[in-house]
Every structure is written in structure tokens, then in C-alpha cells.
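Undergrad:
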Ligand SMILES: C[S@@+](CC[C@H](N)C(=O)[O-])C[C@H]1O[C@@H](n2cnc3c(N)ncnc32)[C@H](O)[C@@H]1O
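In this note's numbering, the protein residues as written are 1 to 312.
#1: Identify whether residue 125 lies in helix, strand or coil by the three-state DSSP scheme.
#2: Evaluate residue 358 with the Cβ neighbour count: other Cβ atoms within 10 Å of its Cβ, from every protein chain shown; 16 or more gives buried, anything less gives exposed.
#3: Would you say the stretch 53-73 touches the stretch 218-237, given that touching needs at least three Cβ pairs under 8 Å?
#4: To the nearest angstrom, report how far apart residue 195 and residue 188 are at their CA atoms.
#5: When the Cβ atoms of the stretch 150-166 are set against those of the stretch 230-238, are three or more pairs found closer than 8 Å?
#6: In the DSSP assignment, the beta strand (DSSP E) including residue 175 goes from what residue to what residue?
#7: Quick one: complete alpha helix (DSSP H) runs, 4+ long, within the stretch 200-246?
#8: Among 26, 58, 169, which has the Cα closest to the Cα of residue 36?
#9: Have a look at the DSSP bridge pairing and note the partners of residue 257.
#10: Rank 239, 287, 201, 142 by C-alpha distance to the C-alpha of residue 170 and give the top, closest one.
#11: Which residue comes first and which comes last in the alpha helix (DSSP H) that contains residue 88?
#12: Figure out for me which residue from 29, 230, 242 has the closest Cα to the Cα of residue 219.
#13: Within the chosen definition, does the stretch 88-102 reach the stretch 120-139 through at least 3 CB pairs nearer than 8 Å?
#14: Can you list, in chain order, the residues of its chain with a C-beta nearer than 8 Å to that of residue 298? Leave out the 5 residues immediately preceding and following it.
#15: As a quick exercise: from 179, 124, 49, pick the residue whose alpha carbon is nearest that of residue 211.
#16: Cβ-heavy atom distance between residue 126 and ligand 1 below 7 Å?
#17: Suppose contacts are defined by Cβ-Cβ distances below 8 Å. Is residue 313 in contact with residue 291 by that definition?
#18: Assign residue 46 to one of two classes, buried (16 or more other C-beta atoms within 10 Å of its C-beta) or exposed (fewer than that).
#19: Out of 252, 28, 293, 256, point me to the one whose CA is closest to residue 280's CA.
#20: If you follow the beta strand (DSSP E) that residue 85 is part of, which residue opens it and which one closes it?
#21: The beta strand (DSSP E) that contains residue 148, what's its start and end?
#22: Starting from residue 306, follow the beta strand (DSSP E) in both directions and report where the run begins and ends.
#23: Taking 8 Å as the cut-off, decide whether the C-beta atoms of residue 9 and residue 41 are in contact.
#24: Considering only the alpha carbon of each residue, which of 256, 300, 261 lies closest to residue 276?
#25: Who are residue 266's beta bridge partners in DSSP?
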């Protein structure tokens, strides 16, 4: 057996941070602490306060295995199996996008708009892990959410996450291509002879649509960080030649699903704001729009209301 050079928490973290830094991993020390905390089932603070602790052989080997994978640029959240989003934990795997901090801005803006409205009906278009649906359902206890995705595997993960966060009774999951996923269900709901297995409001029935759609221009995907390029699902990233394919659908078909007092809140990529605002025109049922910045000060979220609203 090869003699171990690192035994204590302090030594393990030092070695691991060096290895991750050499592989170009951002925040190498933090990644090391989170992975060791995961293996030891201990909060980071506990590790830092017990730097002389010596983990078991099995724990050290498991930690070293995870550090090797992280150095190969597997996402941290795939190695721990979970991601934090607005105070809740969601399980993630290769079938769903790892929720991003920027998307918390989207969720917070959506919450601001819905607060005090009571029993609202929300649509989450492209739900992935379910992070937005779950965070909104948790913060708006009377809300009903309809979560849509083209990926059946993503919906299965989102359903599991809704259950683990205790909100599955208020989130309906629908499989299909954009609004098509809802059209069939809405038609069935309006026809009592077809049963009520999975109901949905129809056109004009939603207070809010949230969406973090695929918005990366196709040619840019190969230049992304390996964690994203090689591990996030392609259909969660690829927004077509200019990244706006999904936005064209949202702008063309979204307003008819909203109430006259409804909103769409959606995330977009760097420098896409102006082009996206152009898509949401009054002749498609939209009123004026507003762009919001993320925590790094970049325009990241569009809020747009339906035409009968004078302003946002
Ligand atoms: C960028 S991910 C967002 C996931 C999650 N909402 C989040 O913020 O982390 C986009 C999601 O849209 C889904 N998607 C892509 N094309 C779609 C389509 N045509 N119809 C419905 N969902 C689609 C993908 O499967 C993916 O889960």
C-alpha cells in the first residue's frame, strides 16, 4: 500500500486544494472543503474547527476519489448529488442542469410580483431539476405550479425533488415540447368525459410564467467550462444559432396563457437583453418590459406583462 502523505483534515485539504488549483478549478479550497464535508457528513465549520481530526482510511480514499473526479472537471454538485437553491436542496444528475445562483434572481423577482396575490397559478417552462417550481411553491403556500419539460428524465428528477421538499401536492408535471405539453392536458381538463388525471388551466389561466430556457448560442457551447460543456444536458443549454430560439416561442405563444394581469419572468444570457426585449411586442399581447440585473451587475432577467397592464 502506498504510504499516505496526508492524514489530518488540514493536510487533506491542503493537498486537495493544490490538486484542484493545478487543474484549473475555481475556488479550489472551497470545493475541497465541501467535498470533505460531504464524505465526513460534517458541516464545513466543523471541519475547520477540527483540522487535526484524522478520518478513517475508507473516508480518505473516498475523498481522494472525489477530488480526482473534480480535477477532471466533474461538477461539484454531481459529486455530492445535490445543489442548493434559495434555501432548499435539490438532487441533481446528468439529466438536469445544475441550478445556478443567477437563477435565484429570477425566482426572487417572480416572488416580488406574486406576493400578496393569494392562490396564484404558475407555469415553469423548462423545469429541469424543478428548482424554480419548488422554491416558488415553498414561498407561496397557496400557489399551484405547472412544471413543463421536454425531458422525461428531468421531470422524474423534478418530481423526486418536489417530494423531498414536501411540495409535490402543489406541482403538476407535464411532458412535451414547450406549450404543447400543456395544450393536450388543458384540452382534456375542459372535457369532463376525458377524466381529471392531470389537470391544467387553459389559455388565459396563469398569473405567471417563469422560464430559464436554453439560451446559449450553439457555436459557443464548445467554449464553455468543461463542467458545463461536458456534464449539463445539451438541450438545457442550446438556444440555437443566436441563443434566442426558445425566446421566439415564449414571445409568440406565451401571452395567450396569461391572465390580463399576468407576467412572464425569464432568464437570458450576456448581451441578449436588447434583442429579447424586441421580441415582446404589443401585437403579440405584451406590454412594456423591464430588464433586471443579477448579483454580478449584468442584465439577466426580463419581466414582461400582458397588454392590458399600463406598466410593470
Ligand atoms: C437551462 S435549463 C433550466 C432548468 C431549471 N429551470 C433551472 O433553472 O435550473 C432548461 C430546461 O428546458 C428544457 N427544455 C429544452 N427545450 C425544451 C422544449 N422545447 N420544451 C420544454 N422544455 C425544454 C430542458 O430539458 C431543461 O431542463
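Where a beta carbon is used, it is the ideal one built from N, C-alpha and C, also for glycine.
TA: Quick answer:
#1: Residue 125 carries a strand assignment under DSSP once its states are collapsed to helix, strand and coil.
#2: Within the shown structure, residues of the chain are numbered from 1 to 312, placing residue 358 beyond reach of any answer.
#3: As far as the Cβ criterion goes, the stretch 53-73 touches the stretch 218-237, which means the pair count is three or higher.
#4: Bear in mind that a pLDDT of 49 at residue 195, under 50, signals an unreliable position, so the number given afterwards is only what the model happens to contain. Pairing residue 195 with residue 188, the inter-Cα distance amounts to about 7 Å.
#5: Touching, yes.
#6: Start and end: 171-175.
#7: If we require 4 residues or more, the alpha helix (DSSP H) runs fully inside the stretch 200-246 come out as 226-229, 234-237.
#8: The shortest C-alpha separation from residue 36 is found at 58.
#9: Residue pairing by DSSP leaves residue 257 without any beta bridge partner.
#10: With distances taken between Cα atoms, residue 170 lies closest to 142.
#11: Where residue 88 is concerned, there is no enclosing alpha helix (DSSP H), although the beta strand (DSSP E) it sits in stretches over 88-91.
#12: Closest option to residue 219, judged by alpha-carbon separation, among 29, 230, 242: 242.
#13: Result yes; three or more Cβ-Cβ pairs closer than 8 Å.
#14: So the qualifying residues of the chain are 270.
#15: By alpha-carbon distance to residue 211, the top candidate from 179, 124, 49 is 124.
#16: Because some heavy atom of ligand 1 lies under 7 Å away, the Cβ of residue 126 counts as near it: yes.
#17: Nothing in the structure corresponds to residue 313, since the chain is present only between 1 and 312.
#18: Burial call: exposed.
#19: Ranking 252, 28, 293, 256 by CA distance to the CA of residue 280 puts 252 first.
#20: In the DSSP assignment, residue 85 falls within the beta strand (DSSP E) that extends over 82-85.
#21: That run of the beta strand (DSSP E) goes 144-149.
#22: Per DSSP, residue 306 belongs to the beta strand (DSSP E) from 299-306.
#23: No, the pair does not count as a contact, with Cβ atoms beyond the cut-off.
#24: Closest option to residue 276, judged by alpha-carbon separation, among 256, 300, 261: 300.
#25: Beta-bridge pairing links residue 266 to 211, 302.
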